[in-house]
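One structure is given below, encoded as structure tokens.
Residue numbers (my numbering), protein chains in the order written: chain V, 552 to 1324; chain F, 9 to 171.
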């Protein structure tokens, strides 16, 4: 089936788009980054159905990008290789590979001849340089292909002159242009001739989807070889002259600040140490090695000001969230109401690569290198912190070692810039692991209340009230929303930014009569807790609550969970993924007592996901011993079926679903931060209990369904919500008890001895040779 | 400043650094060998896993003074040279075959652990079991665990064939 994008701004005819050949010495083909048709056509929003069905967060992100109308360019060099600086950030989600595939497809080049790098901060792009909301491929899909098609057209025209033939006679394959008589030129040879002295407007047609040879086939990550040989460079691997290791000694309380240092001189004379200085978030130490930074941080004697959450603990925050909840509209009516209330605890958004950045701030100028998903926002924040004009700050984007929402913010880059300024010397600043769960950004704690009304076999109402600690969206998105507010669908303009994001992303895919899902943040200040839109923002928690309730409704109506869902689902795409997951996972097979299957669906990012799991909650499994580890119930098998719209790289989608599953599973079972007396206790991976090998399913299967849509959807986050919900549903079915607190082990005795808060980082052990194998 | 000599990826290296600096920082900050990554500094995340005399170890938790002149340290950069032929180590090839890496930050450590684990069970005269795979402590925050398990089985077979 062939699909065409709808009419867009620079559209000429079917599949025909306008772009440019940029004047210059080499061939540079460009297209407007705002060239994305779908958002322009988003329809006005009727009150029913829910907003995301016609205009979702991706439309909003794409829509925000449009007015900036800026060019992205592909350059073809003398070797015939294509170069493209992507105004987004690669953090493992596979966007550089997918974009290289799109360029290779349209330009008829081997993928290995396409080099995708990350663009530094380009302030002229305004909003349009933010990597989030699983929006990259959705927003660059059209402009990247247009630029590549223009480059190919220019090469063909040059080759026609060189070979003495007509453009229509030419064929291109693997970077070589040939005439039927066998004469040929390479892209490299043609590129020099194809360069234009002045910029020209060019019209091109894009390939039909049915003619795609690269797009839609699995492709290995373009940086795979660098990754497995240790050559892939992250920010801390860069060799920036004189940028010495720097770490920060942090307060014992969350967001506490430094008042004074009593032993600065003494610490400055420790081995390797070059500088010690107070910065707003702590005391920065620069040394010859990070090991010596750790020693110096441990030796510092600092007087601290108190933090931002006083002596509060998780139970206090829970009470606060419950008190502030928006009331349900439908009263509780005896046997017809099905009620549930679910608590989702804080969980760290840390990646394995800690927050880090390199900064060189000298002589009124700043240069920063870091894994930054909002580099323009970072540039502004750094300029403000340093008291420099934004034009004096250069922000270079480096590939990141994971993000999960964390790298939307530039916390480490701002600290690095401030430390470099204080020291008058370049720094390579990195957070200690202990700092990450304790002071780093977390997924906001939330309480979700659900009430459904069932009468005579029908679901009349389904209400969800999600009360959450405020999510920090101040990474450049907020200002843009304010600017765009007039363009937004009716009904969104009076809401807070978080409420808008919530409404744009949450969609209950069932026909449950009157459906309302509302968010509120009883305390909207974002500087109390350090939060961020950790992978998939609200959806995993909202979906876990609603899917558990869906199972309850099925039970009340004495229907099998799959049969019930199929009957009430309103989207064919969701029904398809549900049916396929049930089939692949052999839904309903007989299982021993204490084990069970669970299934859940989710609709978002212009796609649909269904996850089926099998869980083992038998005592011999739950109580298995692994040193310093959280074991508990084990997911033995997982099946993920996803419809993500038009697929660029099935291998990349598969990888994102597996990663999303790992997140969703541990969020249901093991992964959290415990807030006790104003401090998060966790300070290590063994404390936080993210998924490890001893939690990993023995069988994992993912199927990416052939899509019925002609546009790509979002992939990076789409696997989390249904995974978390399916694990929760399976646990409920295996144990006969619906879990209401997540992760389910949250109220068990803490499995570790909390590390010291003063000093703020643990000493590195010296007994490593006792653990060799 | 004390001087320390050891074998690194087939070459003799000498560094002038304090005795108690952990080997991870000698490798990364002094010698510029950045394949081993920092993820915790307390021998938990295993991102820095390398080999000492053919066995897996975590350089974040060993002082440079505690290794001798003849001790052979292999990092991910030197792994390929420990296998026959000019190409990659069979475990690296298995990682490519299964397209394991996402962000790639943990993968050097994962591969070094995998090679040591396969060698360990082979010395015990047996093949890798699910229980063996469950003992791997390396954190992958991108959640590539299932592909890691598959790649290790492939790498084990290739190592057994002497590839």
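We put the CB at the ideal spot given by N, CA and C, even for glycine.
In chain V, no part has a C-beta under 8 Å from the C-beta of residue 165 (chain F); the shortest such distance is about 17 Å.
When the five nearest sequence neighbours on each side are left out, the beta carbons in the same chain lying within less than 6 Å of the beta carbon of residue 113 (chain F) are those of 45, in order along the chain. For the pair of segments examined, the segment 1182-1195 of chain V was found to touch the segment 1268-1277 of chain V: the number of CB pairs separated by less than 8 Å reaches three. Annotation: Cβ neighbours of residue 85 (chain F) in chain V (cutoff 9 Å, chain order): 780, 781, 782. Of all residues in the segment 1299-1315 of chain V, only 1313, 1315 place a beta-carbon less than 7 Å from a beta-carbon of chain F. Between residue 161 (chain F) and residue 1324 (chain V) the beta-carbon gap is near 18 Å, outside 8 Å, which marks them as no contact. Between residue 823 (chain V) and chain F, the shortest Cβ-Cβ separation is below 8 Å. The beta carbon of residue 1287 (chain V) sits no closer than 8 Å to any beta carbon of chain F.
Taking the Cα of residue 816 (chain V) as reference, the smallest distance to any Cα among V:1292, V:850, V:791 is reached at V:850.
Take residue 887 (chain V), set aside five residues on each side of it, and the residues of its chain with a beta-carbon closer than 6 Å to its own are 1004, 1005, 1006, in chain order. Scanning its chain for C-beta atoms nearer than 7 Å, with the 5 sequence neighbours on each side dropped, one finds around residue 1290 (chain V) the residues 1279, 1282, 1283, in chain order.
The continuous beta strand (DSSP E) containing residue 895 (chain V) extends over residues 888-895. DSSP, reduced to helix, strand and coil, places residue 583 (chain V) within a strand of the structure shown. For residue 754 (chain V), the secondary structure class from DSSP, reduced to helix, strand or coil, is strand. The beta carbon of residue 1214 (chain V) sits closer than 8 Å to some beta carbon of chain F. Per DSSP, reduced to three states, the secondary structure at residue 1136 (chain V) is coil, with no helix or strand assignment. Residue pairing of residue 135 (chain F) in beta bridges, as defined by DSSP: absent, with no partner found. Approximately 7 Å separates the beta-carbon atoms of residue 969 (chain V) and residue 831 (chain V); this is inside 8 Å, confirming the contact. Annotation: residue 663 (chain V) to residue 627 (chain V) spans about 14 Å, alpha carbon to alpha carbon. Closest in C-alpha terms to residue 731 (chain V), from the list V:746, V:744, V:715, comes V:715. Taking a beta-carbon distance threshold of 8 Å, residue 81 (chain F) does not count as an interface residue toward chain V. Per DSSP, residue 877 (chain V) is not a residue of any alpha helix (DSSP H), being assigned neither H nor E.
A distance of 8 Å or more separates the beta carbons of residue 38 (chain F) and residue 843 (chain V). The Cβ of residue 152 (chain F) sits closer than 8 Å to at least one Cβ of chain V. Ranked by Cα distance from residue 1297 (chain V), the options V:1249, V:1226, V:1322, V:1236 are led by V:1226. In the three-state scheme derived from DSSP, where H, G and I count as helix and E and B as strand, residue 20 (chain F) is classed as strand. A direct Cα-Cα distance of roughly 16 Å separates residue 577 (chain V) from residue 623 (chain V). Residue range 1090-1107 is occupied by the alpha helix (DSSP H) that includes residue 1096 (chain V). Non-local beta-carbon contacts of residue 1310 (chain V) in its own chain, meaning distances under 6 Å to residues more than five positions away in sequence, involve 849 in chain order. Along the segment 983-1006 of chain V, going in chain order, the ones with a CB nearer than 8 Å to a CB of chain F are 983, 984.
Residue 881 (chain V) places its beta carbon less than 8 Å from that of residue 1002 (chain V). Residue nearest to residue 734 (chain V) within the set V:713, V:571, V:1107, V:910 is V:713 (criterion: CA-CA distance). In the three-state reduction of the DSSP assignment, residue 1009 (chain V) falls in the strand class, which pools E and B.
Counting every other CB atom within 10 Å of its CB across the protein chains shown gives residue 1023 (chain V) a total of 16 or more, marking it as buried. In this structure, DSSP gives residue 1203 (chain V) a helical state, which the three-state scheme calls helix. Going by DSSP, residue 704 (chain V) is part of the alpha helix (DSSP H) stretching over 687-714.
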